[in-house]
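Letter by letter, the sequence shown follows residues 1 to 303 of this note's numbering. Note that CB positions come from ideal geometry on N, CA and C, so glycine has one too. In this text, all values refer to a predicted model and were calculated from it rather than measured experimentally.
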Amino acid sequence: MNDWIKNLPPEDFIYMIGGFLLLVLVLIIVIKVFKLSQEISGRTLKLTEELMSINDNDVTNLKIVNRSYIDNEITEIGMIYKKRKVIILEDQTRVYARNKFEHVITHSDIRGLLHIEDFKIKRLKFYYENSIGMLIKSTGRVTRNKIKRTLIAEKKELRRQEKLAKAEEKRQAKEAKKARKAADKAQRYEEGNYTTCDRIKIFFYNLSRPIKKARHNAVIKRNKKIADKRAEKEVEEERERLIEQQRLIYEQQLRETRKEELRNEYKIDELKATLEEAEKNPEPFILEETDEPVKETKKGKTS
């Protein structure tokens, strides 16, 4: 291969390069023409779906975006379900250049238009029709999956309600049957028309009645004994609590008495120490002179 290129004449090499450049130029021109044809035919409109929730209601926002620099028109928006068209909006609408058009539809409306009643939804597509009658489709997978989950939840809820209704019906039938049997039994007992089963029940009831009564009395005695023991225990606990309270009060009084005795002993010791100190260090007695006149006695002595 390298030898062939090396042995290639210069003019052939120039022709090959020119042909390659011409091929690239043709491809560029074809791409430009294809884009231009898309813009002219209105295929630059892109249809998308968006799930939203408005007032606790699931809705789908169908958004048509014009990506070109020229205005386009749409005449119809709808769905394709089971190979048939279901129109959602039929109106000639202009989508301005570099702008968008939105249309909101609830999932309940979609189910009504598609007549979904068996909790199943098949393949769904959205579409729009431009002014020249071209039908541009878009997958509706997001909306279909959401509706499918809703249908499954509704189906489960319906089954649950049916089970509850059946259980309630069985319960009512059982209660009615029990009440009917009780009424029939009361009527038979009142009329004295006992069946074999009734006689067997009465026999065993009378046979076990003394045993039940003795057991009942034993239970009552046991409960009374337990109650008496509990009451005695509470009384004993209350007595011990009062004794402990009196003991604490007596100990507190003893402590107060002992404190008073110690204070008195301390005062006596202080007085003894003061007297001993006074005996060891006696102070001289000094008679103070007064200005009062000396009174004379009968003997003439002064006092």
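Contact under 9 Å by Cβ, residue i with residue j
i	j	result
His107	Asn57	yes
Asn72	Arg94	yes
Leu124	Leu135	no
Ile147	Ile121	yes
Asp198	Arg188	yes
Arg98	Arg149	no
Per-residue burial, residue i [other beta carbons within 10 Å of its own, 16 or more giving buried]
i	result
Ile211	exposed
Glu281	Note that residue 281 is Asn in the sequence shown, not Glu. Asn281 is exposed by the Cβ-count criterion.
Tyr81	buried
Phe101	buried
Leu47	buried
Thr143	buried
Leu207	exposed
Leu45	buried
Whole-angstrom distance between residue j and residue i, CA atom to CA atom
i	j	result
Val65	Phe20	38 Å
Tyr244	Leu254	Residue identity check: residue 244 is Glu in the sequence provided, not Tyr. Cα to Cα, the separation comes out at about 15 Å.
Lys272	Glu256	25 Å
Val86	Ala167	42 Å
Asn145	Leu151	10 Å
Ile200	Gln172	29 Å
Ile88	Leu23	47 Å
Glu237	Asn264	41 Å
Thr195	Ile202	10 Å
Arg247	Arg239	12 Å
Val59	Ile110	9 Å
Lys170	Glu190	30 Å
Ile31	Leu25	10 Å
Ala227	Leu242	23 Å
Glu90	Ile54	24 Å
Glu157	Lys181	36 Å
Lys177	Ala186	14 Å
Lys35	Tyr96	18 Å
Tyr205	Lys213	12 Å
Distance between beta carbons of residue j and residue i, contact taken as under 8 Å
i	j	result
Glu50	Gly140	The pair is not a contact, with the Cβ atoms about 12 Å apart (cut-off 8 Å).
Ile74	Tyr128	5 Å
Glu162	Phe119	Not confirmed; about 13 Å, so no contact.
His103	Ile77	6 Å
Phe13	Met79	Phe13 to Met79, Cβ: 59 Å. No contact.
I'd like the ranges of any alpha helix (DSSP H) spanning at least 4 consecutive residues and lying wholly in the region 185-222. With a minimum length of 4 residues, no continuous alpha helix (DSSP H) run stays inside the region 185-222.
Hey, which unbroken runs of the beta strand (DSSP E) at 3 residues or more fall wholly within the region 49-76? 57-66
Taking only runs of the alpha helix (DSSP H) that begin and end inside the region 115-197, which ones reach a length of at least 4 residues, in chain order? 141-191
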